[in-house]
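> From first to last, the protein sequence lines are chains P and E. For the record, in the first sequence the residue sitting at position 33 is 33 according to the numbering used here, with numbers rising by one throughout. For the record, in the second sequence the residue sitting at position 95 is 240 according to the numbering used here, with numbers rising by one throughout.
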Amino acid sequence: MKVINEIKFIMPSLSVNESAARAVVSSFLIQADPTVEELSDIRTAVSEAVTNAVVHGYRGSSGKIELTVKLLEGREIYIRVKDSGCGITDIKQAMEPLFTTAPEEERSGLGFSVMESFTDKLAVRSKPGKGTVVTMRKRLRVHGS
Amino acid sequence: MDLTINNENGAAVARLRGEIDHHTAKKLRTELDKYIINFRPPSLAMDMSGITFMDSSGIGLILGRSKLLKECGGSLEIRGAQPYIRRVLKLSGIGRIVRIS
Chain P
1 MKVINEIKFI MPSLSVNESA ARAVVSSFLI QADPTVEELS DIRTAVSEAV
51 TNAVVHGYRG SSGKIELTVK LLEGREIYIR VKDSGCGITD IKQAMEPLFT
101 TAPEEERSGL GFSVMESFTD KLAVRSKPGK GTVVTMRKRL RVHGS
Chain E
146 MDLTINNENG AAVARLRGEI DHHTAKKLRT ELDKYIINFR PPSLAMDMSG
196 ITFMDSSGIG LILGRSKLLK ECGGSLEIRG AQPYIRRVLK LSGIGRIVRI
246 S
């Protein structure tokens, strides 16, 4: 699908950058004129993906998180959050609602559930020791429809 | 992120303002727990009307405070959540554990 515009934002895995990532996505998506609900859904999904990278990907260490947002033809939004952290051994288990490896940090285990519910398509690729790539797609409604 | 806790006619009300994510939840958790442990309120209402964003970190925050309050003999209520925050609350099923009004 033809890319109309795209942005790449690279940040260190600091928790303060969770809000920076949301701000970047919001600013970039203004051009697509999303509804308040669509923008809120995307911001929440991005926040979950970046938080996962900070909390789980780089647990006890630090590194870079790469956020890519593309505006595609047909009002489709493509989002990719990539880290080079520890990776996920069992993706299926990680995606189960309420599963968490960090209960002591009060992680609810709902990150992937939120991403799945608030976007149209979610894909997770991971290699233990290499990192994780989360991609999400969401088609924005055409105004007036 | 801003938090004020007041005792209003014997009921504790925590007013939250700003965004709840993994970063801000840490500070909120510390402050709320300090209040709960020191004052052991029979009920605590978290007023979310000033919250402009919340992801699943907020669910962890609510669940954790609910558990601590219960241990201290109290109960938690969530009030004033905006529609986009209600969507996250609904998805989590937290309404079965905590009163949402």
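Yeah, the Cβ is synthetic: ideal placement off N, Cα and C, and Gly gets one too.
Would you list the one or two residues that DSSP bridges to I196/E?
The residue labelled residue 196/E in the question sits at position 51 within the second sequence. In the DSSP output, where bridge partners are listed per residue, I196/E has G163/E.
> Quick one: which chain E residues come within Cβ less than 9 Å of S146/P?
Past the boundaries of the shown model lies residue 146/P; chain P is included only from 1 to 145, so the question cannot be answered.
> How about the stretch 57-76 of chain P and the stretch 103-119 of chain P: do they share at least three Cβ pairs that are nearer than 8 Å?
no
> Is D166/E closer than 8 Å to S202/E when the C-beta atoms are compared?
Residue mapping note: residue 202/E aligns to position 57 of the second sequence, counting from 1. Residue mapping note: residue 166/E aligns to position 21 of the second sequence, counting from 1. In this structure, S202/E lies near D166/E, with their beta-carbon atoms less than 8 Å apart.
> Would you call the stretch 65-77 of chain P in contact with the stretch 2-17 of chain P, where contact means no fewer than 3 C-beta pairs closer than 8 Å?
Cβ pair count under 8 Å is three or more, so yes.
> Going by other Cβ atoms of all chains shown within 10 Å of its Cβ, with 16 needed for buried, is S13/P buried or exposed?
Here the question's residue 13/P lines up with position 13 in the first sequence. By the neighbour-count definition (other C-beta atoms within 10 Å, threshold 16), S13/P is a buried residue.
> Under the assumption that E104/P contacts Y229/E (Cβ atoms under 8 Å), give the Cβ distance between them as a whole number of angstroms.
Reading the first sequence from its first residue, position 104 is the one you call residue 104/P. Reading the second sequence from its first residue, position 84 is the one you call residue 229/E. Between Y229/E and E104/P the Cβ distance is about 29 Å, and since that is not below 8 Å, they are no contact.
> List the residues of chain P whose Cβ lies closer than 7 Å to the Cβ of Y180/E, in chain order.
Here the question's residue 180/E lines up with position 35 in the second sequence. By Cβ distance, chain P contributes nothing, its closest Cβ being about 17 Å from Y180/E, past 7 Å.
> Compare the Cα-Cα distances from G205/E to each of D41/P, A102/P, L39/P and report the closest residue.
Taking the second sequence and counting its residues from 1, the one referred to as residue 205/E is at position 60. When the alpha-carbon of G205/E is set against those of D41/P, A102/P, L39/P, the nearest one is in A102/P.
> Just tell me which of V233/E, S246/E, V243/E has its CA closest to the CA of E48/P.
Taking the first sequence and counting its residues from 1, one reaches residue 48/P at position 48. For the residues V233/E, S246/E, V243/E, the minimum Cα distance to E48/P belongs to V233/E.
> Suppose only complete runs of 4+ residues qualify. What are the alpha helix (DSSP H) ranges in the stretch 91-115 of chain P, listed by chain order?
91-94
> Does DSSP classify N154/E as helix, strand or coil?
Here residue 154/E refers to the residue found at position 9 when the second sequence is read from its first residue. Secondary structure at N154/E: coil, using DSSP grouped into helix, strand and coil.
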